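Residue numbers (mature numbering (1 follows the signal peptide of the UniProt record, and there is no 0)): -18 to -1, 1 to 131.
Glycine is no exception: its CB is placed at the ideal position from the N, C-alpha and C atoms.
Quick caveat: nothing in here was measured; it's all calculated off a predicted structure.
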């Protein structure tokens, strides 16, 4: 019942203002359903910095942890489509493969739905199901809070 009320309130207040990519810039923190804390920092140049459960992804200087390109340096950037709600989010890794060709791989996607200027719902599609809507009650939805610009 409580989650239903929260959902209705979020839907109402989410329609009261519009957002742009500038609203996303800065550091956002949240806690997942297993009580693991994490943060996403979104930079104006498209790079991202992620800290989650001991893992760090520095989008400007990322060392590939495993696979045939292990140890190579890469970049991780984000892209958000603000043309329709909920906003589609994706993280893209780029690196030079063994032949020296640039490769880009989308490795994480989901949705962002602002509830106000200092908070948004962040759904991460860990199961790779490609949902069409953001489910605020999903275990893959985290409430993110703005920490800094």
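Start and end residues, beta strand (DSSP E) containing residue i
i	result
residue 78	69 to 78
residue 128	123 to 130
residue 102	101 to 106
residue 111	Here residue 111 belongs to no beta strand (DSSP E), and DSSP marks it neither H nor E.
residue 24	19 to 24
Where residue i sits in the DSSP three-state scheme
i	result
residue 84	strand
residue 6	helix
residue 66	coil
residue 98	strand
residue 16	coil
residue 116	coil
residue -3	With a pLDDT of only 40 at residue -3, under 50, the local geometry of the prediction cannot be trusted, and the value read off the model is given with reservation. Residue -3: coil per DSSP, three-state reduction.
Bridge partners - residue i, DSSP secondary structure assignment
i	result
residue 52	For residue 52, which the question treats as bridged, DSSP gives no partner whatsoever.
residue 61	72
residue 40	31
residue 93	70, 105
Assumed close pair residue i, residue j - CB separation to whole angstroms, cut-off 8 Å
i	j	result
residue 46	residue 77	6 Å
residue 54	residue 43	Contact doesn't hold; Cβ gap of about 12 Å is too wide.
**Prompt:** Does the count of Cβ pairs from the segment 74 to 85 and the segment 93 to 103 closer than 8 Å reach three?
**Reply:** no
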